[in-house]
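Engineer: Sequences listed follow chains A and B, in order. No gaps in the numbering here: position 59 of the first sequence is 59 in the working numbering, and each next residue is one more. Here the working numbering = 1-based position in the second sequence + 1000. One structure, pasted below without further comment.
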Amino acid sequence: MTDNTFNYMAETVADIKDIDVKDIKKDTLIKELNFDSLDFVELQVAVKKKFDFTMNNNFFNEKTMFIEMCDYIDKRE
Amino acid sequence: MIVNYSKKDIKAWAEFSGDYNPIHFDINKALSYGLVCCPVQGMLGAMDVKTNIHTHSFSAKMAFKDYIHSEKDYEIITDGKKKIFFGEECLINCKISDFSFENNLTNLHNVEINDQDIVALKTFSDYRIASCNVKDQIWSLLDALLFRKIFKTKYSKPFLTFISDVLNIKSLNSINDIMALKFTVQISHEINVSEKALQLSTFDDLKYFSLKIADPINIFDDNEKLILEFNAFITYNDNIVLSEKPIILLKKK
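Put into C-alpha cells, the structure is as follows:
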C-alpha cells in the first residue's frame, strides 16, 4: 500500500465522518468508523473519482482493517 | 436557530423547484422504498443551513446524511465559521472553505432565466418570509434557482439515451421524469459563491446574468445504483458569480 493512498483515504474518511484524521490508524477496523450506507456511497464516489476504481461493498467484513481497504484499492482487484 | 417543516413547506419547495419526487408526497411510494415517512426535501433544509453562512466569498459542501422528517424540531448548529450542522443527528453536514471554482466542463447548455423563474423566485421568497419569518439572501435563492433549472433542463440526446438505457426507461425529457419512476435521492450539494453574488440586493439584477448547465456526469455506476454529478453556474460579464454541484443517487431497481 502506498502512503499516498493511505493519506488520501484517511483524509477522505475523516472528512466524511467528521473525525480527526489522526484517529485513523492502519489497524483501525472499518466497522469502528460506523459507516452507514450514505457514508459508504460518499466513500465509493471519492474512490471512483480519485482512483477510477469501483469499490465493492462485498469486500468488507467485520474484521476488515483500514490498511486492507487501502491495499484493496491499490491492487484494483 | 430551530426549524420545523410542514407539509405546506414541502409543497412550496416543490412548486418552486420542481422537486416532485414522490418520496416526499406519496407515503406508499416512500414505504415501498424502505423509508418510514415522506421526508422533507434536503434542499429545503439546505436553504436554512445557508442562512447561517456569514462570510466573504466562499465554497461550501453540504453532505445529506439522513432524511429530514416533517413536523419535527431541528436545531441548526454553527461551529465557528467553518462548519454548520443540521440537527443534533447532523442530517446535513456543511463545511465551508475559501472560494474556488474551476471550469473544465463540456457540453454546456445555455439556459435562460425567464420571467416565470423570477415570479417563482419572488413567490417562494415571500412564502419563506410569511411562513417562517426567514428572509433568504438573494444568492441563496439564486442557488435554489439553479437547482430548479437543473430539474427542468432538457439535456443532450447522448445523455438522455445513456440514462434511458442504464435505467431502462423510455421517453426521458428531464430529471423530473426519472424521479417519478426510480428511487432518487440527493447525497450532496456543493456551492461556490463570489462577492458579486453576496452583494446582490434585487431580483431584477438577474436579467443581466447568464446561466449554464452542463450535461450530468456519470461518476459511479454499478449493478444497484447510478450516481450523477450536476454542474450549473451563473456568470456576469463572463465572471463566475455562483456555481453549484448537486450529486444525485438513483437506484436501478
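The beta carbon of each residue, even a glycine, is placed where N, CA and C say it ideally should be.
Using only the alpha-carbon positions, how far apart do F59 of chain A and N1103 of chain B sit?
Structural biologist: If you number the first sequence from 1, residue 59 of chain A lands on position 59. If you number the second sequence from 1, residue 1103 of chain B lands on position 103. Answer to the nearest angstrom: the Cα atoms are 36 Å apart.
Engineer: Just curious, the alpha helix (DSSP H) that D3 of chain A is in, first and last residue?
Structural biologist: For the purposes of this step, residue 3 of chain A is taken as residue 3 along the first sequence, with counting starting at 1. D3 of chain A -> alpha helix (DSSP H) spans 3-17.
Engineer: Can you find a C-beta in chain A that's less than 8 Å from the C-beta of F1203 of chain B?
Structural biologist: For this step, residue 1203 of chain B is matched to residue 203 along the second sequence. Closer than 8 Å: no.
Engineer: Using the C-alpha atoms, what's the distance from T5 of chain A back to A1197 of chain B?
Structural biologist: In the second sequence, counting from the first residue as 1, residue 1197 of chain B sits at position 197. In the first sequence, counting from the first residue as 1, residue 5 of chain A sits at position 5. C-alpha separation (whole angstroms): 37 Å.
Engineer: Can S1164 of chain B and D1215 of chain B be called in contact, C-beta distance under 8 Å?
Structural biologist: Mapped onto the second sequence, residue 1164 of chain B falls at position 164. Mapped onto the second sequence, residue 1215 of chain B falls at position 215. Against a cut-off of 8 Å, the Cβ pair of D1215 of chain B and S1164 of chain B comes out as no contact.
Engineer: List the endpoints of the continuous beta strand (DSSP E) containing M55 of chain A.
Structural biologist: In the first sequence, residue 55 of chain A corresponds to position 55, counting from 1. Unbroken run through M55 of chain A: none, as it is neither H nor E.
Engineer: Between which two residues does the alpha helix (DSSP H) carrying F60 of chain A extend?
Structural biologist: Along the first sequence, read from residue 1 onward, the residue named residue 60 of chain A stands at position 60. No alpha helix (DSSP H) holds F60 of chain A; DSSP gives it neither H nor E.
Engineer: If we cut at 8 Å on Cβ distances, does D1165 of chain B have a partner in chain A?
Structural biologist: In the second sequence, counting from the first residue as 1, residue 1165 of chain B sits at position 165. Judged by the 8 Å Cβ criterion, D1165 of chain B is not in contact with chain A.
Engineer: In angstroms with no decimal places, state the Cα-to-Cα distance between T64 of chain A and L29 of chain A.
Structural biologist: As a first step, residue 64 of chain A is located in the first sequence; it is residue number 64 there, counting from the start. As a first step, residue 29 of chain A is located in the first sequence; it is residue number 29 there, counting from the start. The straight-line gap from Cα to Cα measures roughly 6 Å.
Engineer: Hey, is I1191 of chain B's beta-carbon within less than 8 Å of any beta-carbon in chain A?
Structural biologist: On the second sequence, residue 1191 of chain B is found 191 positions in, with the first residue counted as 1. No, because no Cβ of chain A sits closer than 8 Å to the Cβ of I1191 of chain B.
Engineer: So, using beta-carbon positions, are C1090 of chain B and V1049 of chain B closer together than 8 Å?
Structural biologist: Residue mapping note: residue 1090 of chain B aligns to position 90 of the second sequence, counting from 1. Residue mapping note: residue 1049 of chain B aligns to position 49 of the second sequence, counting from 1. Going by C-beta atoms, C1090 of chain B is not nearer than 8 Å to V1049 of chain B.
Engineer: Output, in chain order, the set of chain B residues within a Cβ distance shorter than 9 Å of T54 of chain A.
Structural biologist: As a working note, residue 54 of chain A is residue 54 in the first sequence. Chain B residues near T54 of chain A: F1220, D1221, D1222.
Engineer: With 8 Å set as the bound, which would you pick, yes or no: does the beta-carbon of L43 of chain A sit closer than that to a beta-carbon of chain B?
Structural biologist: For the purposes of this step, residue 43 of chain A is taken as the residue at position 43 of the first sequence. No, L43 of chain A does not count as interfacial toward chain B.
Engineer: Given this structure, state the Cα-to-Cα distance separating L1108 of chain B from K26 of chain A, to the nearest angstrom.
Structural biologist: Counting from 1 along the second sequence, the entry for residue 1108 of chain B is found at position 108. Counting from 1 along the first sequence, the entry for residue 26 of chain A is found at position 26. Taking the straight line from one Cα to the other gives about 43 Å.
Engineer: DSSP three-state label for H1069 of chain B, please.
Structural biologist: Position 69 of the second sequence, counted from the start, is the residue given in the question as residue 1069 of chain B. H1069 of chain B: coil per DSSP, three-state reduction.
Engineer: Within 10 Å of its beta-carbon, does M1043 of chain B have 16 or more other beta-carbons around it, so buried, or fewer, so exposed?
Structural biologist: Here residue 1043 of chain B corresponds to residue number 43 of the second sequence, with the count starting at 1. The residue is buried, with at least 16 neighbouring Cβ atoms inside 10 Å.
Engineer: In or out: K1212 of chain B buried (at least 16 other Cβ within 10 Å) or exposed?
Structural biologist: The residue labelled residue 1212 of chain B in the question sits at position 212 within the second sequence. Under this definition K1212 of chain B is a buried residue.
Engineer: For the beta strand (DSSP E) that contains S1164 of chain B, what are its first and last residues?
Structural biologist: Start at 1 with the first residue of the second sequence, and residue 1164 of chain B comes out as number 164. From DSSP, S1164 of chain B is part of no beta strand (DSSP E) but of the alpha helix (DSSP H) over 1157-1167.
Engineer: Suppose the cutoff is 7 Å on Cβ atoms and the five residues either side in sequence are ignored; what does the same chain contact list for S1201 of chain B look like?
Structural biologist: For the purposes of this step, residue 1201 of chain B is identified with residue 201 of the second sequence, where counting begins at 1. I1138, listed in sequence order.
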